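Encoded as structure tokens, the structure appears first; notes follow it.
Numbering (the working numbering), first residue to last: 39 to 404.
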């Protein structure tokens with residue numbers, strides 16, 4: 039099921055001014071580099087690409103391709119436009135992370151340092167079993183609960199996958215909260231859509247609003263977004279970890295807001311202090327990625343742009359979703375790259391957005 043906003047699509051007078059890439063520090067031929075990468079087979083099944091530099095749209099391209107929608111299935115061949123909604127899949131997690139900070143500023147949810155079960159008193163029977171009294175909301179925000187959760191060993195079509203088991207459980211919150219504690223909370227990262235479900239539940243309880251309604255009111259609307267959807271399960275619960283659908287343009291708006299310290303047109307939308315926490319590494323996700331509050335953080339090298347020393351590392355923030363959905367934010371380059379794609383359930387799905395990022399960054403050497 040889809041929970042859809044009523045915001046109109048169509049012309050977007052609030053969209054960023056356009057600029058030629060070479061006028062914003064890129065080598066000539068940015069679009070040609072992308073075309074060549076596609077022709078060479080380095081990038082495939084790309085649906086949408088938006089590049090914002092210094093607050094201007096320097097590249098915006100849309101394509102046609104096969105697509106799917108969470109909870110619906112195959113959509114067939116879709117000709118994408120600036121208004122076409124697209125699954126963000128697990129980029130939804132990063133959006134929920136932002137929403138938690140907004141609700142915290144409003145005094146409607148507990149702080150990260152609060153015990154997790156203080157937000158779920160209805161599950162008090164679980165609170166003191168197996169060391170669960172050590173769990174804090176920060177452990178949920180950072181996917182470092184230390185509980186028995188496995189979304190990696192089995193595909194999402196397999197009922198042994200923990201997220202699929204959660205969705206099938208009669209009470210998703212009890213299912214998440216009763217997982218055995220098998221590690222020290224905060225010590226290690228484990229990919230866990232259950233953490234996002236818990237955060238969404240806390241937000242809904244605290245605000246008294248459906249998750250999508252709160253998102254429209256507090257984040258999507260202030261950012262000037264068009265129509266959005268948040269997929270729900272048959273029981274009406276939002277699929278918090280992977281259910282958001284929006285246009286590629288609107289995904290890019292989130293990145294630009296983050297570059298601007300949480301502000302849009304001089305108005306604070308997400309508290310700057312919370313954004314800093316979202317993109318502060320708390321735990322390592324793997325050899326390259328670290329994790330903040332539902333956001334990935336990487337340090338990447340750009341070679342020798344702007345006379346920088348060889349090997350100089352700069353921070354990049356990233357939201358990522360299955361199928362090739364990505365939001366890259368690189369503060370040092372004042373750069374936002376939003377990518378939507380249709381490479382669902384492919385082992386090599388990470389390659390096209392990574393190569394798009396590489397081509398764009400390499401062209402920003404002037």
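Quick reminder that beta carbons are idealized off the backbone N, C-alpha and C, glycines included. Just so you know, these numbers come straight off a predicted model, no measurement behind them.
If I follow the unbroken alpha helix (DSSP H) through residue 85, where does it start and stop?
Here residue 85 corresponds to residue number 47 of the chain shown, with the count starting at 1. According to the DSSP assignment, residue 85 belongs to no alpha helix (DSSP H) but to the beta strand (DSSP E) extending over 84–91.
Among 97, 72 and 85, the one whose alpha carbon lies nearest that of residue 53
For this step, residue 53 is matched to residue 15 along the chain shown. It is 97.
From residue 318 to residue 178, what distance separates their C-alpha atoms?
Position 280 of the chain shown, counting from 1, holds the residue named residue 318. Position 140 of the chain shown, counting from 1, holds the residue named residue 178. So the two alpha carbons sit approximately 15 Å from each other.
Taking the beta strand (DSSP E) that residue 376 belongs to, which residues open and close that run?
Residue 376 sits at position 338 when you count from the first residue of the chain shown. Run containing residue 376: 373–379, per the beta strand (DSSP E) assignment.
In three-state terms, what does DSSP make of residue 250?
Locating residue 250 in the chain shown gives position 212, where the first residue counts as 1. Residue state, collapsed to three classes: helix.
Residues that residue 282 bridges to, as DSSP identifies them:
Locating residue 282 in the chain shown gives position 244, counting from the first residue. Residue 282 pairs with 268.
Once you ignore the five residues that flank residue 244 on each side, which residues in its own chain have a CB closer than 7 Å to its CB?
In the chain shown, the residue the question calls residue 244 occupies position 206. Excluding positions up to five away in sequence, the list reads 141, 146 and 147.
Suppose you measure from the CA of residue 191 to the CA of residue 199; what does that come to, to the nearest Å?
Counted from its first residue, the chain shown places residue 191 at position 153. Counted from its first residue, the chain shown places residue 199 at position 161. The C-alpha of residue 199 is placed about 7 Å away from the C-alpha of residue 191.
Applying the criterion that 16 or more other CB atoms from any shown protein chain within 10 Å of the CB defines a buried residue, is residue 150 buried or exposed?
What you label residue 150 is simply residue 112 of the chain shown in a count that begins at 1. Counting Cβ neighbours within 10 Å, residue 150 comes out buried, since at least 16 surround it.
Rounded to whole angstroms, what's the CA-CA distance from residue 375 to residue 279? Just pull it up for me.
Translated into the one-based positions of the chain shown, residue 375 becomes position 337. Translated into the one-based positions of the chain shown, residue 279 becomes position 241. Going by the C-alpha atoms only, they are around 21 Å apart.
Touching by the beta-carbon criterion (3+ pairs, under 8 Å), the segment 212–225 and the segment 252–268:
Not touching, per the Cβ criterion.
Any heavy atom of the ligand ADP closer than 7 Å to the beta-carbon of residue 59?
The ligand ADP is absent from the structure shown, which contains no ligand whatsoever.
Mapping DSSP to helix, strand and coil, what is residue 306?
Counting from 1 along the chain shown, the entry for residue 306 is found at position 268. In the structure shown, residue 306 sits in a strand (DSSP, three-state: E or B).
From 176, 364, 385 and 400, pick the residue whose C-alpha is nearest to that of residue 129; which is it?
Numbered from 1 along the chain shown, position 91 holds the residue referred to as residue 129. Out of 176, 364, 385 and 400, 364 has the C-alpha closest to the C-alpha of residue 129.
Where does the unbroken alpha helix (DSSP H) through residue 201 begin, and where does it stop?
The count along the chain shown starts at 1 and reaches residue 201 at position 163. Its alpha helix (DSSP H) spans residues 200–206.
Would residue 353 and residue 337 qualify as a contact pair, given that the criterion is a beta-carbon distance under 8 Å?
The residue labelled residue 353 in the question sits at position 315 within the chain shown. The residue labelled residue 337 in the question sits at position 299 within the chain shown. A distance below 8 Å separates the beta carbons of residue 353 and residue 337.
Count the other CB atoms, across all protein chains shown, that sit within 10 Å of the CB of residue 292; report buried if there are 16 or more and exposed otherwise.
The residue labelled residue 292 in the question sits at position 254 within the chain shown. Buried, since its Cβ has 16 or more Cβ neighbours within 10 Å.
Rounding to the nearest angstrom, what Cα-Cα distance links residue 217 and residue 108 in this structure?
Walking along the chain shown from the start, residue 217 turns up at place 179. Walking along the chain shown from the start, residue 108 turns up at place 70. Residue 217 and residue 108: Cα-Cα distance of roughly 26 Å.
Which class does residue 339 belong to by DSSP, given the choice of helix, strand or coil?
Walking along the chain shown from the start, residue 339 turns up at place 301. DSSP places residue 339 in strand when its eight states are reduced to three.
DSSP on residue 176, reduced to helix/strand/coil?
Sequence index remark: in the chain shown, residue 176 carries index 138 (1-based). Note: residue 176 maps to helix in three-state DSSP.
Per-residue DSSP class, three states only, for residue 40:
Walking along the chain shown from the start, residue 40 turns up at place 2. A caution first: residue 40 carries a pLDDT of 35, below 50, which makes its placement in the model unreliable, though a value can still be read off. Three-state DSSP puts residue 40 in a strand.
The alpha helix (DSSP H) that contains residue 397, what's its start and end?
To locate residue 397, count along the chain shown from 1; it is residue 359. That run of the alpha helix (DSSP H) goes 389–400.
Closest by CA to residue 100, which one among 93, 82 and 94?
By 1-based counting over the chain shown, the position of residue 100 is 62. Cα-wise, what sits closest to residue 100 is 82.
Excluding five sequence neighbours on each side, which residues of the same chain lie with their C-beta closer than 7 Å to the C-beta of residue 189?
Position 151 of the chain shown holds residue 189. Spatial neighbours of residue 189 in its own chain (CB-CB distance under 7 Å, excluding positions within 5 residues in sequence) are listed in chain order as 199, 200, 201, 229, 230 and 231.
Do you know offhand how far residue 384's Cα is from residue 127's?
Translated into positions along the chain shown, residue 384 becomes position 346. Translated into positions along the chain shown, residue 127 becomes position 89. Cα-Cα distance, rounded: 14 Å.
Start and end residues, beta strand (DSSP E) containing residue 349
Here residue 349 refers to the residue found at position 311 of the chain shown. No beta strand (DSSP E) holds residue 349; DSSP gives it neither H nor E.
Bridge partners for residue 322 per DSSP, in chain order?
Walking along the chain shown from the start, residue 322 turns up at place 284. BP columns for residue 322 point to 328.
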